[in-house]
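>
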Amino acid sequence: MKHLTAIISALVFVVLLLTEQITPLRKKRNPFLRKFLLNMSLTVIVFLVGSVAVRNAALLTSKWSVNNSFGIVPLLSLPKWSRLIAGIVLMDLTFYYWHWANHRILLLWRFHNVHHLDPDMDVSTSFRFHFVEILYSTAFRVLQVFVLGIAPFTYVVYETIFACCTMFHHSNVRLPLQLERLLNKAIVTPRMHGIHHSAVRGETNSNYSVVLRCWDWLHRTLVLNIRQSSINIGVPGYQEAEDNRLLTLLKMPFVKQKDYWKSTEGSFPKSNQDDIMKVTTMLE
């Protein structure tokens, strides 16, 4: 199952990488190769940390929970497949809260900011994280598995879905609008997550869901009424070329922070929401 997850994730990555070159959703602002190599350099570090820390720690905790019948899901006394679905849904809900916390707690945002600094969001952005964020996210993952009582099979299935959905909604693939609206009734899509990576603070602080979009709807953090052509990706306070170099990104959380939402010209980007449209209406 472990190798199957890796194979599926690799195939999804390649398909999305090729497709976004053919039908891009947003115009690129920077040379693709340079940005891609930067993100892949961060990815190597993330994978080394993730494969050693996250998966092993979570699976060990998961096995303990099953052996001791500990956690919320075992207490529900559900049939086998219902436990699988309940586990996936609860992991996705609790990760919504974790993603929200990474934006709202300033110490966590220092590290998560590295992910948002990418000026051209595409499938490679889905792996662009500071390795320290991966380390402290491991603690959350272990707590998540422990409290919920997630079985190893459920954990691996959710991790596979999580990885594929993360790559999909970070990709720069332009889907037909009607098709994306249909998909977005259930899951997070590229247009929805593109708004989350907007340089406008109020837009970045929306659309926290990873797999199921319903969590944003339930918590009133869903924003869709923004055209992709009007979105500037990134964090306005970090728009210099120097801000997107490997060593700069690695040390960035440990140095004095700039004003995140104030551009280098001294202005604060304003929202591009179409007030005529409902906030839950996805636009081109």
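Each residue of the sequence shown is one higher than the one before, counting from 70 in the numbering used here. Backbone N, C-alpha and C define an ideal beta-carbon position, used for all residues, glycine too. As the structure is a prediction and not an experimental result, all values here were calculated from the model.
1) Are the beta-carbon atoms belonging to S195 and H239 less than 8 Å from one another?
2) Between W286, V214, I295, which lies nearest to K132 when the distance is taken from Cα to Cα?
3) Go ahead and label E228 buried or exposed: buried means 16 or more other beta carbons lie within 10 angstroms of its beta carbon, across all protein chains shown.
4) Of the residues K331, N313, D343, S332, which one's Cα is nearest the Cα of L106?
5) What alpha helix (DSSP H) runs, 4 residues minimum, are completely inside the stretch 156-195?
6) Which word fits Q247, buried or exposed, when buried means at least 16 other C-beta atoms lie within 10 angstroms of its C-beta?
7) Would you call the stretch 134-151 and the stretch 253-273 in contact, with 3 or more CB pairs under 8 Å?
8) Beta-carbon within less than 7 Å of V216's beta-carbon, same chain only, minus the 5 sequence neighbours each way: which residues are those?
9) To the nearest angstrom, how far is it from the Cα of V280 to the Cα of H288?
10) Any contact between the stretch 190-207 and the stretch 112-132? By contact I mean 3 or more CB pairs, one from each, below 8 Å.
11) Only counting the same chain, and skipping five residues up and downstream in sequence, which positions put a Cβ closer than 6 Å to that of L153?
12) Within 8 Å of any Cβ in chain B, is that where the Cβ of L244 sits?
13) If I measure Cβ to Cβ from S78 and keep anything under 6 Å in the same chain, skipping five residues before and after, which residues do I get?
14) Does the stretch 98-112 touch the stretch 250-264, meaning 3 or more C-beta pairs lie closer than 8 Å?
15) Is the stretch 314-332 touching the stretch 169-182, taking contact as three or more C-beta pairs under 8 Å?
16) For L318, which residues of its own chain have a beta-carbon under 6 Å away from its beta-carbon, when the five flanking residues on both sides are left out?
In terms of the structure at hand:
1) It is a contact, given that the beta carbons lie within the stated cut-off.
2) Comparing Cα positions, the closest option is V214.
3) With 16 or more Cβ atoms within 10 Å of its Cβ, E228 is classed as buried.
4) N313
5) 175-185
6) exposed
7) no
8) G140, I141
9) 15 Å
10) yes
11) T223
12) The structure shown contains no chain B; it holds only a single protein chain.
13) A232
14) Three or more beta-carbon pairs separated by less than 8 Å are not found between the stretch 250-264 and the stretch 98-112, which leaves the two stretches without contact.
15) Verdict: yes, contact present.
16) V183
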